[in-house]
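Colleague:
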Amino acid sequence: MRRDRAAFAFGVLAVALAAVALWTVYGVLDRRLIGILVPAAMVVAGVGVLLLSRRRN
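Read left to right, the sequence shown gives residues 2 to 58 (the numbering used here).
#1: Am I right that residue 24 and residue 18 are in contact with their C-beta atoms under 8 Å? What's the rounded C-beta distance?
#2: CB residue 44 to CB residue 35, shorter than 8 Å?
#3: So for residue 28, helix, strand or coil by DSSP?
#4: So residue 6 and residue 53 are in contact, right, with Cβ under 8 Å, and what is the actual spacing, rounded?
#5: Which whole-angstrom value is the C-beta distance of residue 50 and residue 10, which I expect to be below 8 Å?
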């Protein structure tokens with residue numbers, strides 16, 4: 002089974018964007034916390050893409 006790296010990255014970023022949107026509607030948006038969480042989510046997505054892209058022997 003092949004894994005689609007682009008779909009994984011898009012899915013993770015879409016979920017993160019949806020979470021931020023829900024948070025702004027139902028909660029208080031703290032800009033400093035968003036400034037920490039968004040780059041952290043991008044790093045996690047990047048690591049996930051790297052793990053999916055490595056070749057198995």
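Using N, Cα and C, we set each Cβ at its ideal position, and we do this for glycine too.
Just so you know, these numbers come straight off a predicted model, no measurement behind them.
Modeller: Let me lay it out:
#1: Cβ-Cβ separation between residue 24 and residue 18: approximately 11 Å, too far for a contact (criterion under 8 Å).
#2: No.
#3: Coil, per DSSP.
#4: At roughly 5 Å, the Cβ-Cβ gap stays under 8 Å, so residue 6 and residue 53 are in contact.
#5: Indeed, because the Cβ distance is near 5 Å, the residues count as touching under 8 Å.
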